[in-house]
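In what follows, a structure is listed as C-alpha cells, so that the remarks can point back to it.
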Amino acid sequence: MKASEFLRRRRQLMRMIGRGGIGILPAAPARLRNRDVEYPYRQDSDFFYITGFPEPEAIAVLAPGRPQGEYILFCRDRDPLRETWDGARAGPEQAVSGYGASDAFPISDVDEILPGIIEQAERVYYTMGANPEFDSRLIGWVTALRSRGSPGTHTPDEFIALDHFLHDMRLYKSRAELGCLRRAAAVTTSAHRRAMARCQPGLHEYEIEAEYLHEFRRHGMQPAYLPIVGSGPNACVLHYSANRRQMQEGDLLLVDAGSEHDCYAADVTRTWPVGGRFTPAQRAIYEVVLEAQQAAFRAIAAGNHWNEPHDAAVAVIARGLRRLGILEGTPAAIIRNGDYRRFFMHRTGHWLGMDVHDVGDYKVGDQWRMLEPGMVLTVEPGIYIPPGTRGVAPRWQGIGVRIEDDVLVTGDGIEVLTGDLPTDPDAIEALVGTAA
Ligand code: GLY
Ligand code: MN
Ligand code: MN
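Residue numbering for the sequence shown follows this note's numbering, beginning at 3 and increasing consecutively.
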C-alpha cells in the first residue's frame, strides 16, 4: 500500500481529532508462545491502518496543528547487535524518511518526551482497555505530569475513545483496501480449488489444511485465522481447529479458511463431499443453505439495514428445516420462537477487513445500521446437526454445512469478492478429487 494512503488516513483522523487534541496509538506487543519462542508477529490493525509501520515497540502520536510536526513516531533505535539476531529495524531516521513521520524518537525516550506532548493537549484520544499494559503507562505519564505540581503544569481535561472514530473510518474501504481484499480473496479461492481437487477418502484433515497453507505461503500470505477443516461430525463443531481426523468415504468436509494480504483478510467456507458425491440427505441440507445464502445476497443493498440479509437467511432455513421434517410447526412459529437456532446458531455475517471479524458498529443507537457502498461483509449461513441430536432422524445426523463468501456493497448492488469459487452442488462435485 502506498505511503499516500496512510497519509490520507492520518489527515482524516486528525480532522476528527481537531486542534487541541492528540491521538495515541501503540503497536502490538510481541508475544511469547512458549519459553523464548515468539508467535509470528502481527501488527495491531488500528496502528497499522494509521502508520503502515510493521515493527513492535512503537507508539504513534497524532497532534493536529503541532508546530514542530503533527505525526510523531516512537520506535526502536537501530542496534547492530540486535539486528544481527532479529533483522533490520527502521529506527527513527527511517521512520521519518520511509514512513512519513514528521518527527521520530527512540522508544527508550518515550517517558521523557511524551508527557511534554500530552501536556500541550486538552483532549487525549486513545483506545482504552485494549492493551492493559499500555493503559497503565499512559496513566503513569499523566500522573507524572500532575505530580510535577509546578504552577502552570497542565494536564488534559478529557480522555476520549479513539476507536469510535477510527473504526468508523475502517468500515468504509478505500480503493487501495479493496485491492488488498481482492488479492486475499483470489488466493483464498484458489486454495479452496486446490484443496477440493486433492481431496479423497483416507486423507487426514491436516493434509487438506496443508494445501491451504501451501497456496497462501507461496503467495507470501498467511492464514487470517486458524483454518477450520472439519470432516464428518467435526463439521458441526463451529470453531473446530484440531484438524486431525482421518476422512472417510461418505463424509462431508467443511473448510473455513482465508488468507491475509498486507493485513487484509479473506474469510471463505465451502463444504463438499470427501468422496466427490453428496448423499441425498447431504445434498438436501446443502441446497437449503445455498438458497439461504442467495436470499441473503438479494437482501444486501445500499440503504438496506444490517440485519436484512440475516432475516432473509433465517426465513429460508426455517422453511427448509420444516420441509425436510427436521423441525415442526409453521415457519413463522419456528422463527418467532427461535427453534431454528438449534441448527443455525450463529449470525449470517460480520464486517470483514483488516480483522476477520472487523471493527465497526452494527447498530446506531438501537437501530440496525444502514448498509452503504464501500462496506464489506461476509455472508455465511449454515446448518449443523451433530450426531446424537435428539428428535432428528438418523439420516440427518452428523451433517454440518456452511457456505461463506465475502461481499462488497456497491452503489448499485453487490460484488461477491469470492464469487469465482462455485457454490452450486454439481459444480462442487465436479471439482472434488480431480487431482487426487
Ligand atoms: N472464520 C470465522 C468466521 O467465519 O466468522
Ligand atoms: Mn469463516
Ligand atoms: Mn466469517
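Glycine is no exception: its CB is placed at the ideal position from the N, C-alpha and C atoms.
Annotation for Thr-53 indicates a beta carbon at 7 Å or more from all heavy atoms of ligand 1. With 6 Å as the limit, the residues whose C-beta approaches a heavy atom of ligand 3 more closely than that are Asp-269, His-352, Thr-380, Glu-382 and Glu-406, in chain order. Annotation: Asp-414 to Pro-375 spans about 8 Å, alpha carbon to alpha carbon. In this structure, the CA atom of Pro-203 is about 11 Å from the CA atom of Ile-210. For Arg-200, there is no enclosing beta strand (DSSP E); the enclosing alpha helix (DSSP H) covers residues 177–200. Gln-284 counts as buried, since no fewer than 16 other beta carbons sit within 10 angstroms of its beta carbon.
If you ignore the 5 residues before and after Gly-25, its C-beta comes within less than 6 Å of the C-beta of Ile-19, Leu-64, Tyr-127 and Leu-164, all in its own chain and listed in chain order. Rounded to whole angstroms, the gap between the alpha carbons of Val-366 and Glu-310 is 15 Å.
By the beta-carbon neighbour count (other beta carbons within 10 angstroms, threshold 16), Asp-105 is buried. Not one heavy atom of ligand 2 is found less than 7 Å from the C-beta of Thr-350. When the alpha-carbon of Val-418 is set against those of Leu-75, Leu-168 and Leu-379, the nearest one is in Leu-379. In the three-state DSSP reduction, Asn-36 falls in the strand class (E or B). Out of Met-198, Ala-132 and Ala-286, the CA that lies nearest to the CA of Ala-438 is found in Met-198. Bridge pairing for His-307: Met-372 [DSSP]. For Tyr-73, the enclosing beta strand (DSSP E) stretches over residues 73–77. With a cutoff of 8 Å on beta-carbon distance, Val-270 and Cys-201 are scored as not near each other. A distance of 8 Å or more separates the beta carbons of Ala-90 and Ala-97. Going by DSSP, Ser-6 is part of no beta strand (DSSP E) but of the alpha helix (DSSP H) stretching over 5–19. Under the three-state reduction of DSSP output, Tyr-266 falls in the strand class.
Between the alpha carbons of Leu-75 and Phe-299 lies a distance of about 43 Å. Using a Cβ-Cβ distance cut-off of 8 Å, the region 150–170 and the region 114–129 are in contact, since at least three pairs of beta carbons, one from each stretch, lie closer than that value.
The region 26–43 and the region 128–138 touch, with three or more beta-carbon pairs separated by less than 8 Å.
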